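Participant:
There are 2 protein chains.
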Amino acid sequence: MQSIRFLRIPRFPPNVLFFHLLPLKPISKISIKNFSSQIGSSPSSSSSKLLFRQLFEKESSTYTYLLANVSHPDKPALLIDPVDKTVDRDLNLIRELGLKLVYAMNTHVHADHITGTGLIKTKVPGAKSVISRASGSKADLLIEPGDRISFGDLFLEVRATPGHTAGCVTYVTGDEPDQPHPRMAFTGDALLIRGCGRTDFQGGSSKQLYESVHSQIFTLPKDTLIYPAHDYAGFSVSSVGEEIENNPRLSKDLEEFKKIMENLNLAYPKVMDMAVPANLVCGLQHPASS
Amino acid sequence: MQSIRFLRIPRFPPNVLFFHLLPLKPISKISIKNFSSQIGSSPSSSSSKLLFRQLFEKESSTYTYLLANVSHPDKPALLIDPVDKTVDRDLNLIRELGLKLVYAMNTHVHADHITGTGLIKTKVPGAKSVISRASGSKADLLIEPGDRISFGDLFLEVRATPGHTAGCVTYVTGDEPDQPHPRMAFTGDALLIRGCGRTDFQGGSSKQLYESVHSQIFTLPKDTLIYPAHDYAGFSVSSVGEEIENNPRLSKDLEEFKKIMENLNLAYPKVMDMAVPANLVCGLQHPASS
Numbered sequence: 216m217q218s219i220r221f222l223r224i225p226r227f228p229p230n231v232l233f234f235h236l237l238p239l240k241p242i243s244k245i246s247i248k249n250f251s252s253q254i255g256s257s258p259s260s261s262s263s264k265l266l267f268r269q270l271f272e273k274e275s276s277t278y279t280y281l282l283a284n285v286s287h288p289d290k291p292a293l294l295i296d297p298v299d300k301t302v303d304r305d306l307n308l309i310r311e312l313g314l315k316l317v318y319a320m321n322t323h324v325h326a327d328h329i330t331g332t333g334l335i336k337t338k339v340p341g342a343k344s345v346i347s348r349a350s351g352s353k354a355d356l357l358i359e360p361g362d363r364i365s366f367g368d369l370f371l372e373v374r375a376t377p378g379h380t381a382g383c384v385t386y387v388t389g390d391e392p393d394q395p396h397p398r399m400a401f402t403g404d405a406l407l408i409r410g411c412g413r414t415d416f417q418g419g420s421s422k423q424l425y426e427s428v429h430s431q432i433f434t435l436p437k438d439t440l441i442y443p444a445h446d447y448a449g450f451s452v453s454s455v456g457e458e459i460e461n462n463p464r465l466s467k468d469l470e471e472f473k474k475i476m477e478n479l480n481l482a483y484p485k486v487m488d489m490a491v492p493a494n495l496v497c498g499l500q501h502p503a504s505s
Numbered sequence: 216m217q218s219i220r221f222l223r224i225p226r227f228p229p230n231v232l233f234f235h236l237l238p239l240k241p242i243s244k245i246s247i248k249n250f251s252s253q254i255g256s257s258p259s260s261s262s263s264k265l266l267f268r269q270l271f272e273k274e275s276s277t278y279t280y281l282l283a284n285v286s287h288p289d290k291p292a293l294l295i296d297p298v299d300k301t302v303d304r305d306l307n308l309i310r311e312l313g314l315k316l317v318y319a320m321n322t323h324v325h326a327d328h329i330t331g332t333g334l335i336k337t338k339v340p341g342a343k344s345v346i347s348r349a350s351g352s353k354a355d356l357l358i359e360p361g362d363r364i365s366f367g368d369l370f371l372e373v374r375a376t377p378g379h380t381a382g383c384v385t386y387v388t389g390d391e392p393d394q395p396h397p398r399m400a401f402t403g404d405a406l407l408i409r410g411c412g413r414t415d416f417q418g419g420s421s422k423q424l425y426e427s428v429h430s431q432i433f434t435l436p437k438d439t440l441i442y443p444a445h446d447y448a449g450f451s452v453s454s455v456g457e458e459i460e461n462n463p464r465l466s467k468d469l470e471e472f473k474k475i476m477e478n479l480n481l482a483y484p485k486v487m488d489m490a491v492p493a494n495l496v497c498g499l500q501h502p503a504s505s
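Taken in order, these protein sequences are the chains called A and B.
Following our numbering, the numbering of the first sequence begins with 216 at its first residue and continues without gaps.
Following our numbering, the numbering of the second sequence begins with 216 at its first residue and continues without gaps.
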């Protein structure tokens, strides 16, 4: 399957958005108000357009994120890092909230669980899978640094944050006045709360991870909220400022960081040999189409 | 131990707040700005004063909530439903964020885990334990419906929501313009996301729970965010409007609700015989002081 190259856009041109390929309907102020008053529009930041939900899969301690633009009459939604085992939960929530799932996205090729993106595509006609071109995976959209992923007039920008894997990206909400404030960064395994992803396989590199986080994440405004792909200690969110100050690995200098990463002595991930090949094809070894 | 009765205040008088018993310092606009830009002030709602964190304890699937007022120079903070096993995590986070823990609160006497409030009191001099008078528990502050629990100029109001236990309360952020919007309701086990607490022991009553939720929670603005004491399916937040529409138990009429609750056939909670007696004394069978 080819990525849909005509959707590629240069870095940050205004008003050229993926979702604009779908027909746009006029936005009624009344319908926005009614909708957001019913479902609680913004538990995450101060945009009344954004509906945001953080969802947890216990076995792999994975966070899946649901973002939707409730100011658009279609209520376009995207899922970041869905897990195969919780696809029904996620799609049921999307149905209950009256959202239209547009994108099922991954931050990278996971080694600890099977992505739900392929399964979602079999259940939601029209939903597109998204992953970075650098990941070497198949997906409907192969994104690159600087791309925008838009849902209505909200968007995520794509930042390359390799180091845990060669194809890791961080999705960051826009920096324009009509986008959520504070900004939100979905960091995958590049930056975890008080931690980071391991760098000892899948094209990992501790030097590259350090540079990715410092150049692409720690340069964001300090109040930017950090939403990682996992947490093992029960934390749900952090911020750039908090991680710059308190991250026990990434607050160190590069040499110390490399030493820490070389001495983690982590076990081989239990499901890696099954998960990585599956995740290279959206979690489906024999996808119906892709 | 006696509750501190002189802190009792009638329903919602302005400017008479628990925390005002501590010396107030002038609030500098610069210090607010600096602080919130460092730590990400508001992942939950649109108040720049509120720092909010949702924390998870995996074994009992319990949510602990940290709320702090970062516009006050003391950065007063409170914890709702801390768990004994994760007290060190919570206090470490509070230290890292430069907050001052004022209250360690429970929504009710838990049957499935041991509260962390007693342990917190041994580790944080000056922190006060809080629970409802109707719970029959010991604590520093025995609160009643209509009380305000203030931290700086932010406050929670206390609503009685018995039915899971006789002493259950819901804490709700204030409804004044300077309070977080949308409002946030910490519902304990009275209202769970797409569920509710069981009503077959600890003075439980399905009729009473139904009336509590319908009169005290479902009457809040529909965008009020619901933060329960537990979730077993990986949901983190809901809203009043969403639960009115989609809660498979509480969206039914009273008779159907009672039938559902009578036929749950739930197992006896594993740790109840240990947890309830401990939780009646802040989680400490032999508390140093209380």
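Using N, Cα and C, we set each Cβ at its ideal position, and we do this for glycine too.
These numbers were taken from a predicted model, which means no experiment stands behind them.
So is D488 (chain A) buried or exposed if we call it buried at 16+ other beta carbons inside 10 Å?
Facilitator: As a position in the first sequence, residue 488 (chain A) is number 273, starting the count at 1. So D488 (chain A) counts as exposed.
Participant: At the level of alpha carbons, what is the spacing between D446 (chain A) and S420 (chain B)?
Facilitator: Your numbering for residue 446 (chain A) matches position 231 in the first sequence. Your numbering for residue 420 (chain B) matches position 205 in the second sequence. Answer to the nearest angstrom: the Cα atoms are 37 Å apart.
Participant: Rank A:V373, A:H396, A:D393 by C-alpha distance to the C-alpha of S427 (chain A) and give the top, closest one.
Facilitator: Numbered from its first residue, the first sequence carries residue 427 (chain A) at position 212. Looking at the Cα atoms, A:V373 is the closest of the given residues.
Participant: Please check if any C-beta of chain A sits within less than 8 Å of the C-beta of K273 (chain B).
Facilitator: Taking the second sequence and counting its residues from 1, the one referred to as residue 273 (chain B) is at position 58. Interface residue, yes.
Participant: Taking the alpha carbon of C411 (chain B) as the reference point, which residue from B:T434, B:S352, B:N461 has its own alpha carbon closest?
Facilitator: By one-based count along the second sequence, residue 411 (chain B) stands at place 196. With distances taken between Cα atoms, C411 (chain B) lies closest to B:N461.
Participant: Would you mind reading off the limits of the alpha helix (DSSP H) that contains S421 (chain B)?
Facilitator: Within the second sequence, residue 421 (chain B) is the residue found at index 206, counting from 1. 421-427 is the extent of the alpha helix (DSSP H) around S421 (chain B).
Participant: List, in order along the chain, the chain B residues whose C-beta lies closer than 9 Å to that of N506 (chain A)?
Facilitator: Outside the modelled stretch of chain A, which goes from 216 to 505, sits residue 506 (chain A), for which no answer is possible.
Participant: Is I408 (chain A) helix, strand or coil by DSSP?
Facilitator: Mapped onto the first sequence, residue 408 (chain A) falls at position 193. Coil.
Participant: If I measure Cβ to Cβ from N284 (chain B) and keep anything under 6 Å in the same chain, skipping five residues before and after, which residues do I get?
Facilitator: Residue numbering aside, residue 284 (chain B) sits at position 69 when the second sequence is read from its first letter. K264, P291, F366, G367, L369, listed in sequence order.
Participant: Express the C-alpha separation of H396 (chain B) and L440 (chain B) in angstroms, rounding to a whole number.
Facilitator: Here residue 440 (chain B) refers to the residue found at position 225 when the second sequence is read from its first residue. Here residue 396 (chain B) refers to the residue found at position 181 when the second sequence is read from its first residue. For L440 (chain B) and H396 (chain B), the distance between alpha carbons rounds to 9 Å.
Participant: How far does the alpha helix (DSSP H) with N462 (chain A) in it reach, from first residue to last?
Facilitator: To locate residue 462 (chain A), count along the first sequence from 1; it is residue 247. First-last for N462 (chain A): undefined, no H or E at that position.
Participant: Would you mind telling me which residues of chain A sit closer than 7 Å to F450 (chain B), beta carbon to beta carbon, in chain order?
Facilitator: Here residue 450 (chain B) is taken as the residue at index 235 of the second sequence, counted from 1. Near F450 (chain B) (Cβ distances below 7 Å), the residues of chain A are L270.
Participant: Can you find a CB in chain A that lies within less than 8 Å of the CB of T414 (chain B)?
Facilitator: Counting from one through the second sequence, the residue named residue 414 (chain B) turns up at place 199. So no, T414 (chain B) is outside the interface.
Participant: For a quick check, are the C-beta atoms of L293 (chain A) and V317 (chain A) less than 8 Å apart?
Facilitator: Walking along the first sequence from the start, residue 293 (chain A) turns up at place 78. Walking along the first sequence from the start, residue 317 (chain A) turns up at place 102. A contact, by the Cβ cut-off of 8 Å.
Participant: Can you tell me where the beta strand (DSSP E) with V387 (chain A) in it begins and where it stops?
Facilitator: Stepping through the first sequence from its first residue, residue 387 (chain A) is reached at position 172. Per DSSP, V387 (chain A) belongs to the beta strand (DSSP E) from 384-388.
Participant: What number of angstroms, rounded off, separates the C-alpha of A448 (chain A) from the C-alpha of K300 (chain B)?
Facilitator: If you number the first sequence from 1, residue 448 (chain A) lands on position 233. If you number the second sequence from 1, residue 300 (chain B) lands on position 85. Whole-angstrom Cα-Cα distance: 11 Å.
Participant: When DSSP labels each residue in this structure, what does S453 (chain A) get in the three-state scheme?
Facilitator: Here the question's residue 453 (chain A) lines up with position 238 in the first sequence. Strand at S453 (chain A).
Participant: Taking Cβ-Cβ distances below 8 Å as the criterion, which residues of the segment 286-314 of chain A are in contact with chain B?
Facilitator: Taking 8 Å as the Cβ-Cβ cut-off against chain B, the residues of the segment 286-314 of chain A that qualify are T301, R304, L308, E311, L312.
Participant: Please confirm if I245 (chain B) has its CB atom under 8 Å from at least one CB of chain A.
Facilitator: The sequence position of residue 245 (chain B) within the second sequence is 30, counting from 1. For I245 (chain B), the pLDDT reaches just 28, beneath the cut-off of 50, and the residue's location in the model is therefore unreliable, although a value from the coordinates is still provided. No, its Cβ sits nowhere closer than 8 Å to a Cβ of chain A.
Participant: Going by DSSP, which residues form a beta bridge with G313 (chain B)?
Facilitator: The count along the second sequence starts at 1 and reaches residue 313 (chain B) at position 98. DSSP output for G313 (chain B) lists no bridge partner at all.
Participant: Are V345 (chain A) and Q417 (chain A) touching if we call contact CB-CB under 8 Å?
Facilitator: Within the first sequence, numbered from 1, the residue matching residue 345 (chain A) stands at position 130. Within the first sequence, numbered from 1, the residue matching residue 417 (chain A) stands at position 202. Not in contact: V345 (chain A) and Q417 (chain A) (Cβ atoms no closer than 8 Å).
Participant: For T376 (chain B), count neighbouring Cβ atoms within 10 angstroms of its own Cβ and tell me buried if that reaches 16, exposed if not.
Facilitator: For the purposes of this step, residue 376 (chain B) is taken as the residue at position 161 of the second sequence. T376 (chain B) comes out buried.
Participant: From the DSSP output, in three-state form, read off V298 (chain A) for me.
Facilitator: As a first step, residue 298 (chain A) must be located in the first sequence, where it is residue number 83. Of the three classes helix, strand and coil, the one that applies to V298 (chain A) here is strand, per DSSP.
Participant: In angstroms with no decimal places, state the Cα-to-Cα distance between E470 (chain A) and V387 (chain A).
Facilitator: Here residue 470 (chain A) refers to the residue found at position 255 of the first sequence. Here residue 387 (chain A) refers to the residue found at position 172 of the first sequence. For E470 (chain A) and V387 (chain A), the distance between alpha carbons rounds to 28 Å.
Participant: Going by DSSP in three states, T434 (chain A) sits in which element: helix, strand or coil?
Facilitator: Numbered from its first residue, the first sequence carries residue 434 (chain A) at position 219. Coil, per DSSP.
Participant: Answer with buried or exposed for P241 (chain B), where buried requires no fewer than 16 other C-beta atoms within 10 angstroms of its C-beta.
Facilitator: What you label residue 241 (chain B) is simply residue 26 of the second sequence in a count that begins at 1. Note that P241 (chain B) has pLDDT 33, beneath the 50 cutoff, so the model's placement of it is unreliable and the number below is only indicative. Answer is exposed; the Cβ neighbour count stays below 16.
Participant: So what's L469 (chain A) in DSSP terms, helix, strand or just coil?
Facilitator: If you number the first sequence from 1, residue 469 (chain A) lands on position 254. Here L469 (chain A) sits in helix by DSSP.
Participant: According to DSSP, is I245 (chain B) part of a helix, a strand, or is it coil?
Facilitator: On the second sequence, residue 245 (chain B) is found 30 positions in, with the first residue counted as 1. Summary for I245 (chain B): the model assigns pLDDT 28, below 50, so the residue's position carries little reliability, and this model does not support an answer.
Participant: Along the chain, where does the beta strand (DSSP E) that runs through N284 (chain A) open and close?
Facilitator: The residue labelled residue 284 (chain A) in the question sits at position 69 within the first sequence. Counting along the chain, the beta strand (DSSP E) containing N284 (chain A) begins and ends at 277-284.
Participant: Reducing DSSP to helix, strand and coil, say where G333 (chain B) ends up.
Facilitator: The residue given as residue 333 (chain B) occupies position 118 in the second sequence. Looking at G333 (chain B) - three-state DSSP - the assignment turns out to be helix.
Participant: Just checking my contact of I295 (chain A) with T277 (chain A) at CB under 8 Å: how many whole Å lie between their CB atoms?
Facilitator: Sequence index remark: in the first sequence, residue 295 (chain A) carries index 80 (1-based). Sequence index remark: in the first sequence, residue 277 (chain A) carries index 62 (1-based). Wrong, their Cβ atoms sit about 11 Å apart, outside the cutoff.
Participant: Taking the beta strand (DSSP E) that V345 (chain A) belongs to, which residues open and close that run?
Facilitator: Within the first sequence, residue 345 (chain A) is the residue found at index 130, counting from 1. That run of the beta strand (DSSP E) goes 343-347.
Participant: Cβ of H328 (chain A) within 8 Å of Cβ of V491 (chain A)?
Facilitator: The residue labelled residue 328 (chain A) in the question sits at position 113 within the first sequence. The residue labelled residue 491 (chain A) in the question sits at position 276 within the first sequence. No, they are not a contact pair.
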